[in-house]
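K.L.:
Structure incoming, see below.
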Amino acid sequence: MEAASEARESLIVELLLARKAFCERSENSSFGPIHLAPRNSHVEVLRLLILKGANVDALTKDGYTALHLAVEDRKRDWARLLLASGARVDSRDALDGDTPLHVTAALGDEYMVKLLLQKGANKDIRNYARRTPYDVAAGKGDHRLFDVLRLGDSLCLAARKGEVRAILQLLENGAAVNGRDQYRWTALHRACFKGRVETVRALLEKGVKVDAKDEDGYTALHCAAESGHGDVIELLVKKGAEVEARTKKGVTATQIAESLHYVGITWRLVHGGASRDDNVNNPSVVSAGYNTTSSLGFGDKNSKVDHFMEGEKGGLLKKKKKRIRGFRV
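With the first letter of the sequence shown counted as 1, position 326 gets the number 326 in our numbering; the numbers rise by one all the way through.
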């Protein structure tokens, strides 16, 4: 299998796979078929291996993934296929702790840098020498990559402020719509936490991942529920946001809204973004136990919110003297 992959023999690879040939690296080999395909083969060989269940994150003897090798060899089609097949974008090599973004930053490959950032690569991760991809690019004196690696921060800042025009300009200049800031929040997380409806709409129209998660497993929907923005929740749900998505602690957006006594927001989450007025005469809805005559309208925040302030991360709601919820603690 390894010889066929290296020789670009897609037909032989297909025949071997049909006979259930082993498609992982053997103990005595430095590379497995999944590693040799990006380096030496036609992309179809790689596709066949993936379709037959080859581990896209398998390591070479020296601790490199196929994505590391594809990036190093500037194989764009291979990199795109690996990423589309679920390859870990921030996998580290065993020797230096470099991620694929470190590798491509060292090469000065602007296209690949943008591709990895678009797929959610962490531009602030440090290798074993404590260097970020930005540091690597700076060490090479590659000024072209400086702005690309920092555009994500600018995009998140503009989203937080609700500056739609600035966001569109940043995206036009190459900012990754799914890029993340130093806290691993996307621009959508920021906009939703701040209740920037038009910003959220613009980002969704530009193809932002609606269910992207931060390091704690929070989606944009969790952020909107936590901060009490019903209009944002309605927009997210109607755009297909996963209402049952859970944080790393197993918490849904609905549970957050319920714990903060956001009656209107809880209603919207339970009823798929529907307005309470659309359901007020529905006996099954009324019998479900939701108070349709509550003074809390959709998107209205419980008075407790006045006692909160935004934390450093921008997503941590803190009471002035002590925290009153334990979802992230």
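For each residue, glycine too, the CB sits at the ideal point set by N, CA and C.
In this text, all values refer to a predicted model and were calculated from it rather than measured experimentally.
How would you call R144, buried or exposed, if buried means at least 16 neighbouring beta carbons within 10 angstroms?
P.N.:
Per the 10 Å Cβ criterion, exposed.
K.L.:
Tell me which residues share the same chain as L203 and place their Cβ nearer than 8 angstroms to its Cβ, disregarding the 5 neighbours each side in the sequence.
P.N.:
A159, I167, V177, A187, L188, A191
K.L.:
Please state whether DSSP places T99 in a helix, a strand or coil.
P.N.:
coil
K.L.:
Give a yes or no on whether the C-beta atoms belonging to A224 and F193 are separated by under 9 angstroms.
P.N.:
yes
K.L.:
Which of the three DSSP states, helix, strand or coil, is assigned to L171?
P.N.:
helix
K.L.:
Let me check understanding here. Comparing Cα to Cα, which of L115, G152, L171, D216 lies closest to K248?
P.N.:
Nearest neighbour of K248 by Cα position, chosen from L115, G152, L171, D216, turns out to be D216.
K.L.:
In the DSSP assignment, the alpha helix (DSSP H) including A340 goes from what residue to what residue?
P.N.:
Since the first residue of the chain shown is 1 and the last is 329, residue 340 is not available in this structure.
K.L.:
For L81 and C156, I'd like the C-alpha separation in whole angstroms.
P.N.:
Going by the C-alpha atoms only, they are around 28 angstroms apart.
K.L.:
Cβ atoms of A87 and G63: under 9 angstroms apart, would you say?
P.N.:
Going by C-beta atoms, G63 is not nearer than 9 angstroms to A87.
K.L.:
Is the CB-CB distance between L116 and A79 below 9 angstroms?
P.N.:
yes
K.L.:
Taking buried to mean at least 16 other C-beta atoms within 10 Å of its own C-beta, is R131 buried or exposed?
P.N.:
buried
K.L.:
What separation, rounded to the nearest whole angstrom, lies between the Cα atoms of A257 and V232?
P.N.:
13 angstroms
K.L.:
Could you say which of E163, A175, S227, N173 lies nearest to R201 if we only look at CA atoms?
P.N.:
E163
K.L.:
How about G228 and L260: are their beta carbons less than 9 angstroms apart?
P.N.:
Contact flag set, yes.
K.L.:
Who are the near neighbours of D90 in its chain, counting only those whose CB is closer than 7 angstroms to its CB and skipping five residues on each side?
P.N.:
T99, A121, N122, I125
K.L.:
For E205 and K61, what's the separation of their Cα atoms in angstroms?
P.N.:
43 angstroms
K.L.:
Kindly list the residues whose CB is nearer than 7 angstroms to the CB of G174, restricted to its own chain and excluding five residues on each side of it in sequence; keep chain order.
P.N.:
K114, V148, L151
K.L.:
Quick check on R180: does DSSP put it in helix, strand or coil?
P.N.:
strand
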